[in-house]
Amino acid sequence: MDKDIGNILHSWIEDLFPICRSITGPGVRETLLYFKEILPNLKIHSVPTGTKVFDWTVPKEWIIKDAYIEDEYGKKVVDFKNNNLHVVGYSEPVDRWLDLDSLDKYLHSLEDQPNAIPYITSYYKKNWGFCLTHKQRELLKNGLYHVVIDSELKQGVLNYGELIIKGESDEEVFLSTYICHPSMANNELSGPVVTAGIAQWLNTLTKRKYTYRIIFIPETIGSIVYLSRHIDYLKTHTVAGFVVNCIGDERAYSFMPSRSGDSLSDRAALYALNNYIESFDVYSFLDRGSDERQYCSPGVDLPVCSVMRSKYGTYPEYHTSLDNLEFVTPDGLKGGFFILKEIIKILEINDTYQTTCLCEPQLGRHNLYPAVSTKNSTNEVYNMMNIFAYSDGESDLLELSNTIGVDIITLHKMIIRYEELGLMKKIIKD
Amino acid sequence: MDKDIGNILHSWIEDLFPICRSITGPGVRETLLYFKEILPNLKIHSVPTGTKVFDWTVPKEWIIKDAYIEDEYGKKVVDFKNNNLHVVGYSEPVDRWLDLDSLDKYLHSLEDQPNAIPYITSYYKKNWGFCLTHKQRELLKNGLYHVVIDSELKQGVLNYGELIIKGESDEEVFLSTYICHPSMANNELSGPVVTAGIAQWLNTLTKRKYTYRIIFIPETIGSIVYLSRHIDYLKTHTVAGFVVNCIGDERAYSFMPSRSGDSLSDRAALYALNNYIESFDVYSFLDRGSDERQYCSPGVDLPVCSVMRSKYGTYPEYHTSLDNLEFVTPDGLKGGFFILKEIIKILEINDTYQTTCLCEPQLGRHNLYPAVSTKNSTNEVYNMMNIFAYSDGESDLLELSNTIGVDIITLHKMIIRYEELGLMKKIIKD
Amino acid sequence: MDKDIGNILHSWIEDLFPICRSITGPGVRETLLYFKEILPNLKIHSVPTGTKVFDWTVPKEWIIKDAYIEDEYGKKVVDFKNNNLHVVGYSEPVDRWLDLDSLDKYLHSLEDQPNAIPYITSYYKKNWGFCLTHKQRELLKNGLYHVVIDSELKQGVLNYGELIIKGESDEEVFLSTYICHPSMANNELSGPVVTAGIAQWLNTLTKRKYTYRIIFIPETIGSIVYLSRHIDYLKTHTVAGFVVNCIGDERAYSFMPSRSGDSLSDRAALYALNNYIESFDVYSFLDRGSDERQYCSPGVDLPVCSVMRSKYGTYPEYHTSLDNLEFVTPDGLKGGFFILKEIIKILEINDTYQTTCLCEPQLGRHNLYPAVSTKNSTNEVYNMMNIFAYSDGESDLLELSNTIGVDIITLHKMIIRYEELGLMKKIIKD
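Chain order of the listed sequences is E, H and L.
According to our numbering, numbering within the first sequence proceeds without interruption in unit steps and concludes at 813.
According to our numbering, numbering within the second sequence proceeds without interruption in unit steps and concludes at 813.
According to our numbering, numbering within the third sequence proceeds without interruption in unit steps and concludes at 813.
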């Protein structure tokens, strides 16, 4: 699968790109149904408007059918049908005539990016507005304009998708990605498609140590809803977690730690980035901006970090129409998929072992060692002896690998062999 | 008050400067009575000569009326009436004739500071002597000299002043300053006058979290006496403490930690110095030289550090007649007063808070957040979100401020607002 | 003794050098008997072939009488009688004729050190072979060769020497050195002779705090045998330990920590090296290669580090005939003896003390302090006050010395004086 994974993921983004998503509404459902095609076991949940979730309330469902600005001559100067970023997310319905001065305060554009339509929402305060390129805006002449937003805010539901892939243990790895952004590609369709690709790959594994809990949610309100329903279970079963987003461009790799900064997620992610990626940017939890805000909040305290390509907020195309199908590439997605997969592979093998015999084993007796000792001992014997010397039942393989300088995949293979010979035992820590 | 505080404090020093203080005697009482004028609740205590205090004994009281060296012609070549540093502190009474050679071993001067009279004492070994400038000494010709010290060493008392300013809690902040130095200004009248100014300011506060225990003592024997009477209470009630001395010149700010180095006193002092003072000198507890020697001794272990202007022993005027009313200035005293006041203000607000809701609060609902999310989030919202994210019930405001980069005063104001909204609660730690 | 110690130790090496040692056999016994002359209380133990020791089995005893390669004309081209390194250790008996091509695969030489005979063993796999200089090898012409190894591998014993020097406490310092190397000097006769010298010196002491357990063993199998018999006692009684080897040349001093790296052994060794030796090389436990491999293995976990001159594997003469009586010198041995002795002296005095009185003692009262306080306090008083201020019953003298900058020998003398005055007490920690 991996060979074409970049192209496959990119084709999914192409399919999903035109859909007008928001935190609720038909666009979210359409997106979730698309992923259910890919992942048949994905369960789609509905939470009614008005449901109390911690300090929040599930908002009304937003349905947008059309939106445009017409000039006096009936010419549509801004049209939602051309780009769903043109309407401010969660805009109330409007149908009225305004002169340019009055209209102006409902318009949003970016003077220093004159070809970009900005992405604006107003979820929790009644409002409406249009987003357009600064070039478009400068062409608007004095006169009257007919503004129409054919939207509806009504009692409805908030939807999210949930996929549980069982492993040998009921300890869980948690993946969270969001499906509330309209036509943008890195932030955010890269996260859901990479996550779906990872889920497909996890399904192909014949053996999984951990159970995988994978959710596709609207950002913020979705993670709050999900936590309000599952927090006790998550707090007692989650060993590692990742917010998957901004993972499809080619410009950078990025790491943002959990609040604690030293969780298993952080350690595995840093191991993979340090060992498999030439260079990457390290952010602080102070730079956070997505659902880790909820997952790592005081009292929730889940071990959730983020591994990204170009982090939200750090690239000029961010939250504009320029975050598009060219910015996100098959190679970019493939790189994001690769690093996340490697991190999971590390988590799957990262156990703690202890040498079973006191003193070094007699390697020759176990056919592990050349009996003739020469002036130059081989590197393999050196690594083997280090494994026996440092496997103290306290350090996991990540720590052991960092100490003795043997990559964790090789290290694991070697230890499995010693385990089969009865020279190592796995330690289950509480 | 603050506007003129430098001049007020300097005027107090001017009043107190001529008094001949020592570790006991009339000069100490006169000084304490002066402070009782300023602080009517100051209690003056007396401890009899011979009282055992830990490894020490309260010494005899020393009363000095006159002291001079007369030449053969009746001319006073050294006269205590000109400067009370001329006589070695705790000198025994003397009245005899000596030739210059014999006299010489009772004289103290500083060859490399020929205009300075050194400050010398001999509290715990019977002795007498005169201090003079090196210039004076070089003028002495061969011949006979009549040396007179009209002093008395007798059963009496050791005096100290104690002021308790009650707060809401019986947890205490401890301020200790010493009133045993004769006519010197930075070391030491600056400490007592700045401490008295702080006490006046504390009395003006309508609300104090902590109780303030403020003592005016003779150095070393005074702190030992005080500890011998109050150690159990101090050990169980003191949250922070400061030796206040050398706090009136303009050359430097200085910090010397407690022995442990990481007490609340140390953290608050370093916060204030780092944030409010352009540069300051950091000393080690190995550089200690005043009552922290007792307060931080093994088994006493009080959280006492020192915030100073030019530390004792580091400026050439130290322990000489040149440590005078010009070396200590209104601006120097004002700076010392300011930094000590700011540290106390920090201690008063340095509580520990916890976000009350799980996940972030919905800021809009509490009128904390602009409902329209735009590409650029404001700095205030960023700070607010950090406060909610990092208030975990473990970190106090000092730690929180260092983590999120919001100054502690602003941070406290913001948190109080969130507390009023029910979004924060204060955590009382054991 | 110390004056001539280098020459004495070197003369012992000269005596022992010609003996053909291995991990078992007559050469080991002869060597142990030599040390028993020096240390009459040395007990020589025998462990039968076939004894199970953890993952290992005591091997057969190896007896070598003669070994040579003769050419067709009866000329011995390689002769064990010239240098016992010529025969591969533990070679089986052989007596046969081979042509040069067939012989070649049983020969070992070093192309880049053409004058060195390498040191090769094959303890745990049946084998035989000859070691020779590369120059010798190149002189061999085509033809038939008569190879004779007159050896025997038979049921016998493994021998080791053990010396217990009792101290006041049954807590022990452990010294381990190995006596299995044939004619080489730094690695290894330097270790046994320096250890024997240390043992002689320990016997001269009138008072020892610790009991000293000193063993002379064959490397690896000897330490495993010894641990298998004494592990529980060693784990509960050993406070510090050292593998003594490679301690006789003049090129370097070296330190290799225990696995934990922060044991008392490590701290005392680093203290001595940092304070008494101009410069030294620091290795990682990853660089280990001797019996610390067993002593520090998981579950054994003894506090054993190594203080060496030039570490094994780091000098070109290592494990060749060039590691000889010129490479190891009287001065080199003397330096190694000195540093090990100093470390032991440190261990003997490294107690933990606590100031007995609260607050500083009144120094004058105890005749510890000049009563006249002058502008310049002396360094001795400064050190004394630091001792009283930092002796908190937690820090041992090593830590105290590092904190206050007084060398540990002086520090100990000063503290003993204060203890005699009743101002200090020794703290026994569990």
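Cβ atoms here follow ideal geometry from the backbone N, Cα and C, with glycine treated the same way.
Since this is a predicted model, take the numbers as computed values, not measurements.
The Cβ-Cβ distance between H:TYR561 and H:ASN628 falls below 8 Å.
The residue among E:HIS428, E:LYS728, E:THR516 and E:LEU392 with its C-alpha nearest the C-alpha of E:GLY408 is E:HIS428. Under DSSP, L:CYS514 forms a beta bridge with L:HIS491. For L:ASP775, the nearest beta carbon of chain H is closer than 8 Å to its own beta carbon. Partner residues in the beta bridge of E:PRO431, as assigned by DSSP, are E:VAL540. The criterion of a C-beta distance shorter than 8 Å is not satisfied by H:TYR678 and H:ILE729. Within chain H, no residue has its CB atom less than 7 Å from the CB of E:GLY605, the nearest being about 11 Å off. Following the DSSP letters along the chain, one finds L:GLU763 inside the alpha helix (DSSP H) bounded by residues 762-773.
Comparing alpha-carbon positions, the option among H:ASN510, H:ASN707 and H:GLY605 lying closest to H:ILE396 turns out to be H:ASN707. The closest CA to that of E:LYS426, considering only E:LYS618, E:GLU633 and E:GLY544, is found on E:GLY544. PRO501, ILE503, THR504, SER505, TYR507, LYS508 and ASN510: these are the residues of the segment 498-516 of chain H whose beta carbon lies less than 7 Å from some beta carbon of chain L, given in chain order. Think of a sphere of 8 Å around the beta carbon of L:ILE787: the chain H residues whose beta carbon falls inside it are LEU669, in chain order.
Each residue's CA atom was taken as its position, placing H:ASP734 and H:PHE720 some 23 Å apart. Our two residues, H:ASN586 and H:GLY580, have alpha carbons roughly 10 Å apart in a direct line.
A residue is called buried when at least 16 other Cβ atoms come within 10 angstroms of its Cβ; H:SER394 does not meet this threshold and is exposed. Taking a Cβ-Cβ cut-off of 9 Å, the neighbours of L:LEU741 in chain H comprise PHE437, ASP438, ILE607, LEU610, SER611, ILE614, GLN677, SER680, PRO681, GLY682 and VAL683, given in sequence order. Under the Cβ distance rule, H:ARG404 does not count among the residues neighbouring chain L, no pair being separated by less than 8 Å.
Scanning L:GLN583, L:SER559 and L:HIS564 for the CA closest to the CA of L:VAL608 turns up L:SER559.
By the Cβ neighbour-count rule, E:GLU444 is buried, with 16 or more other Cβ atoms within 10 Å of its own. If you ignore the 5 residues before and after L:SER648, its C-beta comes within less than 7 Å of the C-beta of ALA623, GLY624, PHE625, SER641, PRO686, VAL687 and CYS688, all in its own chain and listed in chain order. Judged by DSSP in its simplified three-state form, L:VAL411 adopts helix.
Between H:TRP439 and H:GLY389, the alpha-carbon positions lie close to 38 Å from each other. A straight-line Cα-Cα distance of about 22 Å links E:TYR528 and E:THR504.
Residues of the segment 631-646 of chain H with a C-beta less than 9 Å from any C-beta of chain L: ARG642, listed in chain order. Proximity to L:LEU486 across L:LYS464, L:ILE452, L:TYR636 and L:ARG404 peaks at L:ILE452, based on C-alpha coordinates.
For a Cβ distance threshold of 9 Å, residue set SER680, PRO681 and GLY682 of chain L lies close to E:THR738, ordered along the chain.
For E:VAL577 against E:LEU723, the beta-carbon gap comes to about 6 Å, under 8 Å, which counts as contact. For L:LYS509, the number of other beta carbons within 10 angstroms of its own is below 16, and it is reported as exposed.
The straight-line gap separating the alpha-carbon atoms of H:LEU481 and H:GLY526 is approximately 8 Å. The Cβ neighbour count for H:LEU794, taken over all protein chains shown within 10 Å, is at least 16; the residue is labelled buried.
Against H:ASN769, the close residues of chain E are LEU669, in the order they occur along the chain (beta-carbon pairs closer than 8 Å).
Among the CB atoms of chain H, one or more fall inside 8 Å of the CB of L:ALA772. Shortest Cα-Cα distance from H:GLU475 to any of H:VAL461, H:ASP462, H:GLN583 and H:LYS448 involves H:LYS448.
Just so you know, the alpha carbons of L:ARG596 and E:CYS742 end up roughly 19 Å apart. By the criterion of a C-beta distance shorter than 6 Å, H:VAL531 is surrounded in its chain by TYR451 and ASP478, once the five residues flanking it on both sides are discounted.
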